[in-house]
Each structure stands twice: as C-alpha cells, then as structure tokens.
C-alpha cells in the first residue's frame, strides 16, 4: 500500500513538472507608457493569448521602454533577446523605405486612407520581416499628427531655428526642410526634454501630447492631420515556429482581434485626447492656410 502511495505521488509530481515545463514565456518590450492605448491593447492581447492557451503561453508586456529603448526593440526581437516586441515602423525608414511609408507627410491623412495604405504595405512588410527572421502579428495606426509649439505658428517661417523633436527619419527631414534644429528624443524621454529646454516643438499625435503632458510646457497644437504612423507588433520567427499548432492559432486569433480593437481605439482616443489637451489649457487649432500650404 505504501509503495502504491509513493508511486501515485511520483506520478503526480511528474505531471506537475511536465505542465510547468510545457509553459512558454515571452517578453514583449514596448516604448510607450502603460496607460497609452497601444500599451493597453498589448496587455489585452497578452491576456487573450494566456486565456486561449490556458496559460501555455505567457506574454509579459514591458511598457515605457523599461526593457529596451524604442530604437533597440526591433533588433532585440530579430536577435532573439525578446520573443516579441512593438515598434514604430517609421523609425526604421533608413533601413528600408517601405517601413517609413506611413510616416510620409500627407500621403495618407485619414483613417480610411491609412487602412488602404496598410493593406498595400502588409504583404511586403510580412515578406521583409520574414527575411529578417520575424513575423508580423498586427499593426495599429496612431492618431493623425499635428504641430505642438510654445508660440503661435502661422507659417513655416515661424519654425525657423526652433528646437524640433525628431522621432523618425521623416520628422528629422522635415526639421531640415523648415530650417528647424532637429533633436532626437524618444517618447520615454520627451517630458524631460521639454522641461529642460532641449525641445521647443514637435509633430506628433494628440495621444502623445496627453501621455507626455505636453500642455505643461507647450501652448499650441495645430491639428495638421499630416500622417498616421503605425506601430507594428512583431515576433521572433524561431520563437513563433517553436509553438505548437494550437498555440500559434491562438496567437494569430488574438493578434487579429488586437488589430481590429486597436484601430477602433485609435479613432476614439484621437477625439478624447484633443479634448484633454483643451481642458488643460492648450489651444487646439486648425493650421492656417499658409502653414498648411507651406508644409505640403
């Protein structure tokens, strides 16, 4: 009888050990605050995967550049230091021009146009990422980009010499074209750069304006609706291929849901954040005809 008890106990321990061994853990670094709608969507994605796989795949989201800085995330995923990650595609325009397509000013200026652009981009993005050892899980657009400044801006001449935050090759090029001083500052350091006078102006979304509390340092937001850059969630191909078929299917389904949810959230957040900027004393204005003509 005692031998049977020991045998059953050993079997139970073996099953428990086998269950623990079967669990796969992924790290997913992201560059934006945990309260940003992209980060919240990532958290829901990870939760959906956990639920669909009964805990077989655990994805830990590391928001606010806490694991890797924004420019480092793609390389970390590609090299297997992180199994997945969220990147701003436009950051990698110098690596491959198609990555920067949605960061081109006035190419796609509405959600409808941005979705059409993504549909055209997606097959070539998937092919390129596969060549680099990665898988595209999903992508979501930011709200349209506008100009933040300390002083009124009526034309490009008013931007000459201003310290301009650049977060991508396209925004750095814009700074050069308008004779501003480009300063590379990532989202996690944006507030500090403003507080210390390193940056005086930028082009970004209402969502980033709220995340970084730009209303504490800047007074004007011109709703240019210049472009809608996309964040892409990518996975290391070897890590993805190592999953069993059921887990892969769960990830793909959760990613599709996250993409749909994210685009809907982006539109909603656009309206909410512009209202928040106004409520905190920022003047939210349409661009003057001259400013719009100059920028185009």
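In the working numbering, the protein residues as written are 39 to 334. The beta carbon of each residue, even a glycine, is placed where N, CA and C say it ideally should be. Since the structure is predicted, the reported quantities are computational estimates derived from the model, not experimental observations.
Practice problem: Mind reading off the beta-carbon distance from residue 274 to residue 121? Whole number of angstroms is fine, and I expect it under 8 angstroms. | Solution: Right, the Cβ-Cβ distance comes to about 5 angstroms (below 8 angstroms), so this counts as a contact.
Self-check item: Per-residue burial, residue 215 [other beta carbons within 10 Å of its own, 16 or more giving buried]
Solution: exposed
Quiz prompt | Any 3 or more C-beta pairs closer than 8 angstroms across the region 180-189 and the region 211-225 | solution = no
Quiz item: Comparing the C-beta of residue 179 with each C-beta of chain C, is any distance below 9 angstroms?
Solution: Considering every chain present, this structure includes no chain C. It has just one protein chain.
Quiz item: In three-state terms, what does DSSP make of residue 146?
Solution: coil
Quiz item: Helix or strand or just coil, what does DSSP make of residue 64?
Solution: strand
Exercise. Determine which residues share a DSSP beta bridge with residue 203 and list them.
Key: 221, 240
Exercise. Using DSSP bridges, identify the partner residues of residue 274.
Key: 172
Quiz item: Roughly how many whole angstroms lie between the Cα atoms of residue 124 and residue 81?
Solution: 12 angstroms
Exercise. Examine the Cβ distances between the region 102-117 and the region 62-71 and report whether three or more of them are shorter than 8 angstroms.
Key: yes
Quiz item: So what does DSSP say about residue 130, is it helix, strand or coil?
Solution: In the structure shown, residue 130 falls within a helical segment according to DSSP collapsed to helix, strand and coil.
Quiz item: In terms of residue numbering, what span does the beta strand (DSSP E) encompassing residue 111 cover?
Solution: Here residue 111 belongs to no beta strand (DSSP E); instead the alpha helix (DSSP H) covers 111-116.
Quiz item: Does at least one heavy atom of the ligand FAD sit under 8 angstroms from the Cβ of residue 192?
Solution: The ligand FAD is not part of the structure shown, which contains no ligands of any sort.
Practice problem: Counting only runs of 4+ residues fully inside the region 67-110, write out the alpha helix (DSSP H) ranges in chain order. | Solution: If you keep only unbroken alpha helix (DSSP H) runs of at least 4 residues inside the region 67-110, you get 75-90.
Quiz prompt | residue 331 in three-state terms, based on DSSP | solution = helix
Quiz item: What is the DSSP secondary structure of residue 141, counted as helix, strand or coil?
Solution: When DSSP states are grouped into helix, strand and coil, residue 141 belongs to the helix group.
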